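Numbering-wise (my numbering), the sequence shown opens with residue 39 and increments by one. Ideal Cβ positions, reconstructed from N, Cα and C, are used throughout, including at glycine. Model, not experiment: these values are computed from the prediction.
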Amino acid sequence: MKKIVFISRYFAILSVISVLLFSCKKNEITPQKPDSESNPVLSYIKKLGYNDGQIKDIGDEYLVDGDILFSKNSNPDLSIADGPKAEQYGTANYVGYDVQPNILVYVDASMNAYLSEINGAIALWNNVINCRVKFAITTASTAAQIRITNANLGSGVCGAAYFPVNGQPGGLVRININQIAGNSFAQRQRTIAHELGHCIGFRHTNWQSGEPQSGVLSDNGAYFDAMHILGTPTGGDPNSIMNGGQCGSGATTLSSFDILAVQFLYPANPPVAGTVPVFRYYSRATWDDHFYTTYLGELGNGANNDYIFEGIGFFAFPNQVANSIPVYRWYLPQSGDHFYTANPNEIPSGNYEGIAFYAYSSAINGAVPVHRYYNGSFDDHFYTKNQNEMSTIPGYTYEGIGWYAY
């Protein structure tokens, strides 16, 4: 049975889906009822939970809730919309580890008049300490991973951007110059910084005001979910630069929780000397399987149609240190599940793949619990130090603390 896309299906089903562009907009857009319900894209939008009052027909696209664009010409994957509609929030599809330190941005000639705003937006992210993600402008369009261009997105829509896919940042930022030209410098810079946040995997902090929990961008095929980021509030952050619906009026700097979120997702340094990242992946392809490894070479930056890179699950030790214990890795071929346990007597029916890493059996030296969950329908074990991830994932049973790590 395939796992429905929920919050932690952070990072494949090869199908062409609807164009869904997350964007910034002003709130004064007046929705109008679409003129036809025969379009499968419209059916898809309504299955996501939107009503006629939230859907506006703008020609080649539907503008939904004033913040999301759906192309009428796409072929939506209706199975994505069948799941339950379920917190700073991530997409659960993140920029690959070796891509993070040097994300190249190309500025289209149509945006040359806004270079100061673009440089300022980049600086907002680059100036965060202990953050591995760094943007740099390049004049070589073929080398760039993100392209910033002007686009007429219609009245009220200020910008739009892609989410990450295949370990690469979202490749396109569209800025509606006609809409932002009258805004202050700080607000224009804010719009660009906000869209760059989408490119590295951030959802709108206030997504629960009307956006779908999960889905797929059909322009680049990126899966997106709403994954709560540990240490940030679940009730929202009015000062977040990633709040949607605030073009021309939103926060112009990263809030303290924005900073905490990007440091958590993309830490530059381990929290404890001697620890290394345990990279986390999730497969929607052949099996529903979470996979954890300290060796980046096993799955690299991930792939959208195989194991999606979900970032760093936690930090652990690559070798045994005082008071640490081994965590064993098993592969269960009948279900495609990778199983991790610190109990040497817990031997499943499968293939032993060795010691995955070392952790603690109790909360010593500042270590925190890594919780273990299991879904019998999917035969998938899931491990996380953030229990808020489980708040909107049905079917997972808590099995206790697996080990303690960082």
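Assign residue i to buried or exposed, taking buried as 16 or more other Cβ atoms, counted over all protein chains shown, within 10 Å of its Cβ.
i, result
"E155", "buried"
"V359", "exposed"
"P122", "Because P122 sits at a pLDDT of 31, beneath the cut-off of 50, its placement in the model cannot be relied upon, and the point is left open."
"N339", "buried"
"Y366", "buried"
"P202", "buried"
"N361", "exposed"
"G351", "buried"
"E66", "Confidence is the limiting factor: at E66 the pLDDT is only 39, short of 50, which leaves the residue's position unreliable and the question unanswerable from this model."
"E233", "buried"
"A311", "exposed"
"G438", "exposed"
"L80", "buried"
"A182", "buried"
"I93", "buried"
"P432", "exposed"
"Y436", "exposed"
"T180", "exposed"
"A207", "Reading off the sequence shown, one finds Pro at residue 207, where the question assumed Ala. Buried: at least 16 other Cβ atoms inside 10 Å."
"L153", "exposed"
"N23", "The requested residue 23 is not part of the displayed model; the chain covers only 39 to 444."
"Y304", "buried"
"F223", "exposed"
"I160", "buried"
"E384", "exposed"
"T229", "buried"
"Y390", "exposed"
"T422", "buried"
"I402", "exposed"
"D375", "buried"
"N214", "buried"
Could you check where the alpha helix (DSSP H) with residue i kicks off and where it finishes?
i, result
"W163", "L153 to N164"
"F420", "No alpha helix (DSSP H) holds F420; the beta strand (DSSP E) holding it covers D418 to T422."
"G197", "Not the alpha helix (DSSP H): G197 falls in the beta strand (DSSP E), residues V195 to A199."
"Q225", "F223 to C237"
"I215", "I215 to I218"
Specify the secondary structure class of residue i as computed by DSSP and reduced to three states.
i, result
"P72", "Interpretation of P72 is limited by its pLDDT of 44, a score under 50 that renders its predicted location unreliable; no figure is taken from the coordinates."
"F295", "helix"
"D136", "coil"
"L80", "helix"
"I279", "coil"
"L210", "strand"
"V310", "coil"
"P432", "coil"
"Y100", "strand"
May I ask which residues mark the beginning and end of the beta strand (DSSP E) holding residue i?
i, result
"A394", "N389 to Y398"
"N188", "I184 to N188"
"E437", "T435 to A443"
"N131", "It is not in any beta strand (DSSP E) - N131 carries neither H nor E in the DSSP assignment."
"N449", "The structure shown has nothing for residue 449, since the chain only spans 39 to 444."
Would you list the one or two residues that DSSP bridges to residue i?
i, result
"L142", "A174"
"T243", "T243 pairs with nothing; no bridge assigned."
"P456", "Past the edges of the chain, shown from 39 to 444, lies residue 456, and the structure says nothing about it."
"Y90", "It should be noted that the sequence gives Asp, not Tyr, for residue 90. For D90, which the question treats as bridged, DSSP gives no partner whatsoever."
"V203", "Q206"
key: Minimum length 3: unbroken beta strand (DSSP E) runs contained in the region 314-384   = Listed in chain order, they are 314-321, 327-331, 345-354, 362-370 and 375-379.
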